[in-house]
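Input: a single structure, listed below in structure tokens.
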Amino acid sequence: PAIAALLNDPARPVREAAADLIEAIGGPQATEHLVRYALANLSDPNGPRGVGPGRYRLENLGAAALPTMVRAYSDAPPEMRLTLIHIAQRIGSPAARPMLEQALDDSDSLIGRAAAEALGSLGDPSAYEQLIQLLGSDNPHAGFGAITGLELLGNRAAIGPLEELLARGDTLVAAVTASPGAVPDTLHSAAAQAIHKLRGL
């Protein structure tokens, strides 16, 4: 308990030293302390690109961090929800599915897009039907995420539905990043790329 209290120290080096020690101790209780610490330290205005140490902690903990991440998702602000999805995608465990499925219906379309992509990246064949349904979404970001998710899932059965999408009207999808020179994508260009990759499998 005394070591865990140091996770709330105002000095980052002290917090990180305590986290390192708790990680070395190991065990379920240590994991719970580390995940809660990580969730509270996902961002840092003084860190590289504003990323806090919590992000790396969660990635290193892997699937063990997911149950607490899933519970934290619902009450998290939009930026944190998006970060949790990206971390879950990097962890790559099917245990992330409940959170990703919840995120598909997020009011923030970029979060739904990221969730669809992450769902496909898990490699779970049962995600195929969910992603196919999203192809027909009125939200272009959801459709774009579904296309990318199907490409990552690698099921060649998606070629037919993707070709059907090409037969419909195209839709411009704003680039996720606002960097200078960022080129908006279209559903057709994303679908064509996915078909090309799936045919090459």
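Take 1 as the starting number for the sequence shown in the working numbering and just add one per residue. Where is the CB? At the ideal position from N, CA and C, for every residue including glycine. Please read these numbers as outputs of a predicted model, since none were measured by experiment.
Between Asp170 and His188, the CB-CB gap stays under 8 Å. Look at Asp20 here: in three-state DSSP terms it is helix. Ser93 carries a coil assignment under DSSP once its states are collapsed to helix, strand and coil. If you ignore the 5 residues before and after Ile3, its C-beta comes within less than 7 Å of the C-beta of Ala18, Leu21, Ile22, all in its own chain and listed in chain order. When secondary structure is reduced to three states using DSSP, Ser137 falls in the coil class, being assigned neither helix nor strand. Straight through space, the alpha carbons of Gly112 and Gly145 are spaced by roughly 7 Å. DSSP places Thr171 in the coil class of the three-state scheme, outside both helix and strand. Looking at the DSSP output, Val51 sits in a beta bridge with Ser43. Bridge partners of Thr186 according to DSSP: Leu172. In its chain, beyond the 5 residues on either side, Pro161 have a beta carbon closer than 6 Å to the beta carbon of Ile132. In the structure shown, the three-state DSSP call for Asn60 is helix.
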